[in-house]
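Take a look at the structure set out below.
There are 2 protein chains.
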Amino acid sequence: MPVPDAPVTGAHAEQTPPAAGGPTRASRLDPAIAARLRRTPDGLVAAVVRQHDTGEVLMVAWMDDEALHRTLTTGRATYWSRSRQEYWVKGATSGHHQYVRSVALDCDGDALLVSVDQVGPACHTGHRTCFFTELPVTVAGESA
Amino acid sequence: MPVPDAPVTGAHAEQTPPAAGGPTRASRLDPAIAARLRRTPDGLVAAVVRQHDTGEVLMVAWMDDEALHRTLTTGRATYWSRSRQEYWVKGATSGHHQYVRSVALDCDGDALLVSVDQVGPACHTGHRTCFFTELPVTVAGESA
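As they're listed, the protein sequences go chains A and B. In case it helps, the working numbering puts the first sequence at residues 3 to 146. In case it helps, the working numbering puts the second sequence at residues 3 to 146.
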């Protein structure tokens, strides 16, 4: 994921003790949706972000229940920063906004596919996508 | 992610105590790659899987260091099952193999983009993709 933009002022949700399998922080997310989420130990689901028309995969970031609620109700992609432990709205500082076109949940509730209209590069490095580092695939002595 | 196929026989790596920021289980992954990973508290990175030619996003699964090592060196997508706590090779039981064409790491090391040639449906439900559940995006009183 890219380096977060500036935090949202007053964005810290009330800290509540982690419930087993439940959200880590208080949230206004529709309980029917929340019940379908299967979270990491720190209360997050992976959000795969793609450009809505080309299908290009731009980045992966993380959402807790409240970040998903804000994304669905504001139309602006909003994430939880694992390193900074706060919410951030993509583009708030950089201007590289993500306008949400659709959001899909996967079959077992641990990942979201967020289709956006990405303004400018998605990655803080200036690359369009964060996935610009290829790893070597070497099978049975051959390179792929 | 889909329901895992049958586990790989003898696939359990030696259990080692989790190191802060390090891998949870023993692995043969290239240390130079391992050093770039930024893992969840349970030692995993998110693997976004897409069809290599169409770019369709098929599923998200999870890899620890060893699963990534096996993926890179066997050319068969191999994951860590969070629910079953074991490795699984996609398609081993279902026949819905994923032949790996390329793997890219994102800019901050917490997600992989795995481009595959997917045989049949990626999802255990029979859908081509696991992301078939749309969530409602409702902005300022309008539905998107």
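All C-beta atoms, glycine included, are put in the ideal place defined by N, C-alpha and C.
- The three-state secondary structure of A:E68, taken from DSSP, is helix.
- A straight-line Cα-Cα distance of about 9 angstroms links B:R130 and B:M61.
- A:T80 is classed as buried because its beta carbon has at least 16 other beta carbons within 10 Å across all chains shown.
- Exclusion of the five residues before and after B:H99 leaves G93 and V121 as the residues of its chain whose Cβ lies within less than 6 angstroms of its Cβ.
- Between B:E88 and chain A, the shortest Cβ-Cβ separation is not below 8 angstroms.
- The DSSP-derived three-state label of A:T135 is strand.
- With a threshold of 8 angstroms between beta carbons, A:M61 makes contact with chain B.
- Close partners of A:D44 in chain B (Cβ separation under 8 angstroms): T42 and P43.
- The region 108-119 of chain B and the region 39-53 of chain B touch, with no fewer than 3 CB-CB distances between them shorter than 8 angstroms.
- A:A34 carries a helical assignment under DSSP once its states are collapsed to helix, strand and coil.
- B:V91 is not a Cβ neighbour of B:V102, given a cutoff of 8 angstroms.
- By the Cβ criterion, the region 26-33 of chain A is in contact with the region 64-73 of chain A, since at least three pairs of Cβ atoms, one from each stretch, lie closer than 8 angstroms.
- In the three-state reduction of the DSSP assignment, B:T140 falls in the strand class, which pools E and B.
- Looking at the backbone, the Cα of B:A124 and that of B:T75 are separated by about 21 angstroms.
- CA-to-CA, the gap between A:V118 and B:S85 works out to about 31 angstroms.
- Neighbours of B:S104 across chain A, judged by C-beta separation under 9 angstroms: E136, L137, V139 and A146.
- Contact of A:A69 with chain B by beta-carbon distance below 8 angstroms is absent, the smallest such distance being about 13 angstroms.
- If you check the CB distance, A:V105 and A:T56 do not come in under 8 angstroms.
- The beta-carbon separation of A:V141 and B:G24, rounded to 27 angstroms, does not stay under the 8 angstroms limit for a contact.
- In this chain, the beta strand (DSSP E) harbouring B:T80 covers T80 to S83.
- Under DSSP, B:L115 shares a beta bridge with B:V50 and B:A106.
- Sixteen is the threshold: since fewer than 16 other Cβ atoms of the shown chains lie within 10 Å of the Cβ of B:A34, the residue is exposed.
- Assignment of B:L60 by DSSP, reduced to helix, strand and coil, places it in the strand class.
- Contact annotation: B:V50 and A:V59 have beta-carbon atoms nearer than 8 angstroms.
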